[in-house]
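Below is one structure; the comments refer to it alone.
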Amino acid sequence: MAAIALKGNFAAKALPKNGCLSIVYIKSSPYSTDRPNIAAYKRGTGGRSSFNGVVATVFGCTGFVGRYVCNKLGKLGTQMILPYRGDFYDAQRLKVCGDLGQVLFTPYDIRDEASIAKAVKHSNVVINLVGRDYETKNFKYQDVHVEGPRTLARICRQEGVERFIHLSYLNASENPKPHVLKKPSQWNMTKYQGECAIKEEFPTATVIRASDIYGQEDRFLRTFAAFWRRQGHYMPLYKNGMETVKQPVYVSDVAQGIVNAARDIDTRCMTYQAIGPKRYLLGDLVDWFYELMRKDAKWGYRRYDMKWDPVLPVKIAVTNMISPAWPLGFLHWEGLEKEATTDVVDPALPTLEDLGVTLTHMEDQVPWELRPFRAYQYYIEHMGEFPRPPNPKVYAG
6 MAAIALKGNF AAKALPKNGC LSIVYIKSSP YSTDRPNIAA YKRGTGGRSS
56 FNGVVATVFG CTGFVGRYVC NKLGKLGTQM ILPYRGDFYD AQRLKVCGDL
106 GQVLFTPYDI RDEASIAKAV KHSNVVINLV GRDYETKNFK YQDVHVEGPR
156 TLARICRQEG VERFIHLSYL NASENPKPHV LKKPSQWNMT KYQGECAIKE
206 EFPTATVIRA SDIYGQEDRF LRTFAAFWRR QGHYMPLYKN GMETVKQPVY
256 VSDVAQGIVN AARDIDTRCM TYQAIGPKRY LLGDLVDWFY ELMRKDAKWG
306 YRRYDMKWDP VLPVKIAVTN MISPAWPLGF LHWEGLEKEA TTDVVDPALP
356 TLEDLGVTLT HMEDQVPWEL RPFRAYQYYI EHMGEFPRPP NPKVYAG
């Protein structure tokens with residue numbers, strides 16, 4: 006049997022019996038051997054106990070967005086391989102996302118290429134949700150946002166993965182304008198560099214650029230609700246929150262967009278913006294949050310321009326000194342810079358609605374999310390004793 010070398014991972018073989026020429030795929034990955042066509046094993050009509058032909062590896066599965074993505078994938082009958090770092094029991098709760106045998110776990114390290122290859126070698130879809138809001142002594146922004154995604158994308162391409170989906174940031178920029186910081190935000194810059202790295206290694210990747218994401222255990226609503234974020238009853242904001250426009254998006258909508266993108270082959274090479282349906286001034290939003298928590302002006306709530314507060318920089322420095330691995334109340338400079346950044350929407354790029362997602366309005370979801378943070382939670386009120394505060398003004402600009 007003669008073989009003719011072709012460009013890429015393909016070769017043509019001439020069969021001596023009939024003289025026909027057949028094209029076959031030759032695996033060139035240094036990590037694994039050939040694999041069968043997983044999609045040929047479809048079984049069932051959908052649901053957690055069936056298999057829809059998709060095997061997905063979800064990096065960052067134990068994170069805020071990852072838990073929602075895994076749940077939605079499991080509902081559709083997706084087999085999931087969930088890499089975890091550290092204690093297995095942090096990931097064990099995701100076992101119930103699918104039926105018996107549908108959810109598998111494997112340890113990995115973002116710097117260990119062999120463990121990454123093991124996690125993706127049986128998958129046809131890989132989703133990267135790994136991110137870091139603050140730097141630690143072991144992982145800097147460059148490690149998590151640039152080099153890590155580059156390694157994932159490169160190994161996925163070598164392993165023959167069909168789809169790669171990456172969660173990024175809406176305001177990622179090559180040279181962002183600083184607000185609170187004296188220099189451009191490393192968080193924003195590395196998010197942009199991570200997108201470029203992925204497109205270099207995996208040109209058909211799908212990128213989801215998300216605004217501030219809110220939901221259960223988020224780092225948006227709960228940051229403002231944390232007692233350590235404010236100064237007593239007073240809330241410091243960049244320029245009093247009146248020059249920052251936000252368009253927050255609900256976490257379930259982001260997860261649904263990621264799942265829809267994974268199932269639609271036409272989303273290859275595309276960049277989508279994960280934004281909410283309305284825009285608000287940050288000051289109006291924070292006022293509304295505190296009214297929902299029954300911490301209004303009668304309670305003592307006030308907000309002010311943080312530049313007039315000489316104590317806040319000292320508080321941030323002490324916070325990052327005593328808790329470098331996890332800033333108390335998520336109070337750190339990069340977090341304040343992200344908080345002060347206005348969401349810039351590119352009208353030329355598609356959004357979650359183009360992925361078939363029906364967006365959730367903040368007015369319908371946030372009251373439920375902030376319910377545990379109400380003042381005097383032990384008090385059992387009468388029906389109608391506390392009227393619901395008016396909704397925040399929608400920014401028309």
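Quick note on our numbering: the sequence shown kicks off at 6 and runs consecutively.
Cβ coordinates follow ideal geometry from the N, Cα and C atoms, glycine included.
For residue 174, the residue or residues it bridges with in DSSP: The partner list for residue 174 (beta bridge, DSSP) reads 215.
Per-residue burial, residue 134 [other beta carbons within 10 Å of its own, 16 or more giving buried]: Flag for residue 134 reads buried.
Nearest-angstrom Cα separation, counted from residue 175 out to residue 349: Near 7 angstroms, if we compare the C-alpha coordinates of residue 175 and residue 349.
From 291, 83 and 260, residue whose alpha carbon lies closest to that of residue 104: 83
Cβ-based neighbour list, residue 100, same chain, cut-off 7 angstroms, excluding 5 preceding and 5 following: 108
DSSP three-state assignment for residue 396, whether helix, strand or coil: coil
Proximity of residue 226 and residue 374 at Cβ, strictly below 7 angstroms: yes
Rounded C-alpha distance that separates residue 184 from residue 279: 23 angstroms
Three-pair Cβ contact test at 8 angstroms for the segment 70–79 versus the segment 143–151: no
Assigned exposure category for residue 128 - 16 Cβ within 10 Å defines buried: buried
Nearest-angstrom Cα separation, counted from residue 396 out to residue 71: Rounded to whole angstroms, the gap between the alpha carbons of residue 71 and residue 396 is 30 angstroms.
Contained alpha helix (DSSP H) runs [length at least 4] in the segment 116–202, N- to C-terminal order: 118–125 and 153–163
Three-state secondary structure assigned by DSSP to residue 98: helix
Length of the line joining the Cα atoms of residue 281 and residue 253: 5 angstroms
Classification of residue 391 by the beta-carbon crowding that lies within 10 angstroms, buried from 16 upward: exposed
Burial state of residue 310, where buried means 16 or more other Cβ atoms lie within 10 Å: Taking all protein chains shown into account, residue 310 has fewer than 16 neighbouring C-beta atoms within 10 Å of its C-beta and is therefore exposed.
For residue 310, the residue or residues it bridges with in DSSP: 242
Distance CB(residue 67)-CB(residue 96) smaller than 7 angstroms: Inclusion of residue 67 and residue 96 in the CB contact set at 7 angstroms is warranted, their separation being smaller than that value.
Spatial distance of residue 102 from residue 60 (CA atoms): The C-alpha of residue 60 is placed about 14 angstroms away from the C-alpha of residue 102.
Sheet register partners of residue 107 (DSSP bridge): None; residue 107 has no bridge partner.
Proximity test, residue 240 beta-carbon vs the ligand NAP heavy atom, cut-off 6 angstroms: Because no ligand of any kind appears in the structure shown, any question about the ligand NAP cannot be addressed here.
Proximity below 7 angstroms, CB of residue 250 to CB of residue 347: In this structure, residue 347 lies closer than 7 angstroms to residue 250 by Cβ.
Whole-angstrom distance between residue 291 and residue 237, CA atom to CA atom: 15 angstroms
Bridge partners - residue 84, DSSP secondary structure assignment: 60
Beta-carbon spacing of residue 327, residue 263 below 7 angstroms: It is not a contact, given that the beta carbons lie outside the stated cut-off.
Residue 347: first and last residue of the uninterrupted alpha helix (DSSP H) it sits in: Segment: none, residue 347 is in no alpha helix (DSSP H) and carries neither H nor E.
Assumed close pair residue 148, residue 340 - CB separation to whole angstroms, cut-off 8 angstroms: So it is not a contact: roughly 19 angstroms between Cβ atoms.
CB contact flag (residue 199, residue 151, <7 angstroms): One thing to note: residue 199 has its Cβ within 7 angstroms of the Cβ of residue 151.
Pairwise C-alpha distance: residue 366 and residue 220: 12 angstroms
Straight-line Cα distance separating residue 277 from residue 357: 7 angstroms
Outcome for residue 232 when other beta-carbon atoms lying within 10 angstroms are tallied against a minimum of 16: exposed
Run of the beta strand (DSSP E) containing residue 302, from where it starts to where it stops: Under the DSSP assignment, residue 302 falls outside any beta strand (DSSP E); it carries neither an H nor an E label.
Classification of residue 126 by the beta-carbon crowding that lies within 10 angstroms, buried from 16 upward: buried
Secondary structure of residue 365, DSSP reduced to three states: coil
Sufficient close CB pairs (3 or more, under 8 angstroms) joining the segment 266–277 to the segment 209–219: yes
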